[in-house]
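Shown next, in structure tokens, is the structure this report addresses.
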Amino acid sequence: MIISFICRAILLGVPLLFGSVGEIITEKSGHLNLGIPGVMYVGAISGVIGSFMYENACQNDIAAMNPFLSVCIPLLCSIIGSVLMGLIYSFFTVTLRANQNVTGLALTTFGIGLGNFFGGSLIKLVDSEMPSIALTKTSSFFTTKLPFADDLGWVGELLFSHDFLTYLAIAIAIIATIVLKRTRVGLNLRAVGENPATADAAGINVTRYKYIATMIGSAVAGLGGLQYVFAYANGVWSNNAFGDRGWMAIALVIFALWNPSLAIAGSFLFGALCNANNYIQGLGTETQELFKMLPYIVTIIVLVFTSMRKKREHQPPQSLGLSYFREER
Amino acid sequence: MERQVAIELKNITKTFGQKVIANKDVNLTAYKGEILSILGENGSGKTTLMNMISGIYFPDEGQIFVNGKEAVISSPKDAFDYGIGMIHQHFKLVDVFTAAENIVLGVNDGRYNLKKSKEKIKEICEKYGFNLDLDKKIYTMSVSEKQTVEIIKVLYRGAELLILDEPTAVLTPQETKMLFDILRNMKKHGKSIIIITHKLNEVMEISDRVAVLRKGENVGVVNTSDVDPQALTELMVGDKIELNINRTEPKNVADRLVVRGISCFSREGVKLLDDVTFTAKAGEILGVAGIAGSGQRELLESIAGLQKLNSGEIIYHNPKTGKEENLRDKTPMQIRNLGVRLSFVPEDRLGMGLVGNMDIVDNMMLRSYRRGKGMFLRRQKPKNLANEIVERLQVVTPSVSTPVRRLSGGNVQKVLVGREIASSPTVLMVAYPVRGLDINSSYTIFNLLNEQKEKGAAVIFVGEDLDALIELSDRIMVIGSGKITGTVDARNTTKEEIGLLMTKSTKEGEGDGNE
């Protein structure tokens, strides 16, 4: 049971991991993208649309579907959708210097509305009795296990039985950490988020870094939505099922102290906490709701501790949320 | 020895907007292996001139030649490419980065390898005698260490010409000495160094030549060995200008504020006020002259109760009760209630005193809201006051309900000073009230100050324009590096005398300032 609990926690945690790594990359450029829930939602629905079209093109016959294409088409669609969202956000906050919080919140509302609109349209198209669409065939390609996973007993289940997006998420988090800490691009990006005037004076193209970081961050976050639909929900889309995972991803950023590697552990912990109520016997509905608070409580505790320790490395980038104007006099 | 020209400026002119001429027809040459000082009062165009060399501004007219070739410098990066590096007064460093990370930031020299870069930085440190821990984070550093990082950063980029803007303003005497040793080392290695400063003794100590700027023009370049401080001061302040301010003889003069031996320190441990003693008298305007940042702000804030003092006392003679009260034990609120008013015009005029997004009436209420009764605000009285100020001081505004942020700088100042005067203070402190104002608005404010003086208030006027100080004040107190360097009778003084007192400052301070 412990193994299944852990696997379940990982499965639940991966969307959060994508979301928070994406948000960390964005925040390192000094932009607080509160549109992440919307971006993830759009990432999910874009993938669903892509997969829906491909499944229809193959007459819903699993034998006719190319495994490679049925994974890549949703993946590509999801990335395009979320990058476009990131582009909207950066155009408003970088070029027009709009307030980041307002833009982000608007983007969330917009993204969820957009997702529900297309989701609803698709549901109407298939004319099913349930208010959802099931893309189980595509999902089966997404969740294909590694061939040797079943031979290795519990080790195989724990380490090798996950969908490929889980491994991708961990890889992205590790790569992001290395890029941020060890490369010139990472140094420059951190400088932009900490003190754009200094970066500008050092000859770094601040606007370009901000745009690219926001868009890459959105693409990564959008994959979280994709993973949710095709791995967690087995390809079943229904409106608003994604829930508050986007906000949890933003909370996870704080929990991980803006370090993508820490977000890996954090996301699994959050996944475990979200899931704990299903594994503890004899909980009423009301206590279950209390259990769902746990991730947020943990985040608050982390906030209290980091504020008390006052270590500057654990604080958000200094110019987070501020628009950058080049000094003019 | 044949001297090689490092940089040559020809007929450089720069104006801001239509009216303000920052630099006019400036010619200047700096040679390799020399230290050139640029000396001038506040607002004489020193920093603007250097900003044009370092690519922050672009000159309107004139040419810049680097190593004999004409150079177009339109960004800090261009300047770096020409081997020019400027160390600004406000450091441009990323706080959470280490010294090494800050130094390599933005330099593209092959694969990113911090270890290799550190080797290179260490070489530079050894060559010029810097002492710096490369793995130390900026936010844990002292001001002097941060400055060192800035200098190494510029050298790492291969600068041959270094420009330092007021490098000693934030340093203790010991740190200044260290800096000067390093500068001499760099000079030995053939770098050219330009220092912007207004400290005469430092000019005499470190530089080979001095260029003096006055009102944006280069009024003379001399060899340091050929001049004395007296001659430099005369060059710096120029001739006296008549302003025709209507100055009345002080009446019913009485001690109002007796300040005895106050001292205070900054967070970095630099002494901001050093044993300051003076008396402000009712019915008199006490001018305070001094280079910007010599402790004027701290002085006024001490009196207003906003600055923590380490020693000394401030005795207030209450004209209503005739009693003596020590302001040091009182809260800013209590001090205000005694009738002590501070109107400080900081660099960003809105920073202290006014709220930009609120209209004039609301800003009036910032001072009077406690007087109201009940839950709701009564806007009539402050509105009347706002209208009165707008009318009397000719504030140009669409209406009193326009956000203060949208008014021009001069009008903002009028609102600020007007509000403080309206409460008929017993002590009125104003700092730079006419900064950036046109001549007519300045006179309006000068007349207001005179009016307060005649009403029997003790007026303390911190100014930067010596002409205005001499014409308006009854006595002038000069402050330098947190010390009172002298008090003169404004009716029988000269600009030269005040100028010398202003720059006298650190000479004696060098021996004992070991904080």
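First to last, the sequence lines map onto chains A and B. Every number in our numbering is 11 more than the matching position in the first sequence, counting from 1. Every number in our numbering is 26 more than the matching position in the second sequence, counting from 1. A virtual CB, placed ideally from N, CA and C, is assigned to each residue, including glycine.
Taking Cβ positions only, does R195/A come closer than 8 Å to chain B? yes
Nearest to P102/B by CA position, among L333/A, I215/A, V25/A, G254/A, is which residue? I215/A
Does the beta carbon of D86/B come closer than 8 Å to any beta carbon on chain A? no
Would you mind working out which of Q292/A, P78/A, I56/A sits nearest S151/A, comparing C-alpha positions? P78/A
By Cβ distance, which residues of its chain are closer than 8 Å to N278/B, with the 5 residues on each side in sequence left out? Correct list, in chain order: A308, G309, G482.
Along the stretch 112-127 of chain B, what residues have a CB closer than 8 Å to any CB found in chain A? K118, L119, V120, D121, V122, F123, E127
Selection from D388/B, D385/B, P345/B, M384/B that minimises the alpha carbon distance to V10/B: Chain B is shown only over 27 to 541; residue 10/B falls outside these bounds and no answer can be derived.
Helix, strand or coil for M167/B per DSSP? coil
H114/B, DSSP secondary structure in three states: coil
How long is the line joining the alpha carbons of E523/B and F487/B, rounded to whole angstroms? Whole-angstrom Cα-Cα distance: 19 Å.
On the DSSP letters alone, give me the boundaries of the alpha helix (DSSP H) that E243/B sits inside. From DSSP, E243/B is part of no alpha helix (DSSP H) but of the beta strand (DSSP E) over 243-249.
Which residue comes first and which comes last in the alpha helix (DSSP H) that contains I183/A? 175-193
Give the list of continuous alpha helix (DSSP H) stretches no shorter than 4 residues that lie fully inside the stretch 232-287 of chain A. 256-266
Are the C-beta atoms of Y182/B and some chain A residue less than 8 Å apart? no
At a CB-CB cut-off below 9 Å, which residues of chain A make contact with P102/B? D211, A212, A213, G214
Where DSSP assigns a beta bridge to R367/B, which residues make up the other side? L454/B
May I ask you to list the residues that DSSP assigns as paired with L22/B? Limits of chain B in this structure are 27 at one end and 541 at the other, which puts residue 22/B out of reach.
So, does the CB of N270/A fall closer than 8 Å to a CB anywhere in chain B? no
For a minimum of 4 consecutive residues, which ranges assigned as the alpha helix (DSSP H) are wholly contained in the stretch 168-239 of chain B? 169-182, 199-214, 226-232
Taking CB distances under 8 Å as the criterion, tell me whether N206/A reaches chain B. Yes, its Cβ sits closer than 8 Å to a Cβ of chain B.
Burial state of F153/A (16 or more Cβ within 10 Å): buried
Counting only Cβ pairs nearer than 8 Å, list the residues of chain A close to L131/B. L198, N199, A202, T209, A210, A213, I215
If you measure from the beta carbon of R337/A to each beta carbon in chain B, is any gap under 8 Å? no
Which class does G130/A belong to by DSSP, given the choice of helix, strand or coil? helix
Identified DSSP bridge partners for P429/B: D385/B
What residue range is occupied by the uninterrupted alpha helix (DSSP H) comprising M51/A? 47-68
Specify the secondary structure class of F316/A as computed by DSSP and reduced to three states. DSSP places F316/A in helix when its eight states are reduced to three.
For the alpha helix (DSSP H) holding N352/B, just list the boundary residues, first then last. N352/B -> not in any alpha helix (DSSP H); beta strand (DSSP E) instead, spanning 350-352.
I548/B - partner residues in DSSP beta bridges: Past the edges of chain B, shown from 27 to 541, lies residue 548/B, and the structure says nothing about it.
Output needed for A20/A: all residues of its chain with C-beta closer than 7 Å, excluding positions within five of it in sequence on either side, in chain order. Here the set comprises F279, G282, A283, N286.
Could you check the C-alpha separation between M319/A and T310/A for me, to the nearest Å? 14 Å
Suppose you measure from the CA of G58/A to the CA of D135/B; what does that come to, to the nearest Å? Spanning the two alpha carbons is a distance of roughly 42 Å.
Is the separation between the beta-carbon of G211/B and that of V175/B shorter than 8 Å? First, the amino acid is wrong: residue 211/B is Asn here, not Gly. N211/B places its beta carbon 8 Å or farther from that of V175/B.
For Y138/B, decide whether its Cβ has a neighbour in chain E, counting only Cβ atoms nearer than 8 Å. Checking the listed chains, one finds no chain E in this structure; the protein chains it contains are A and B.
Quick one: which chain A residues come within Cβ less than 8 Å of Y165/B? R323
If you reduce the DSSP assignment to three classes, tell me which class Y290/A lands in. helix
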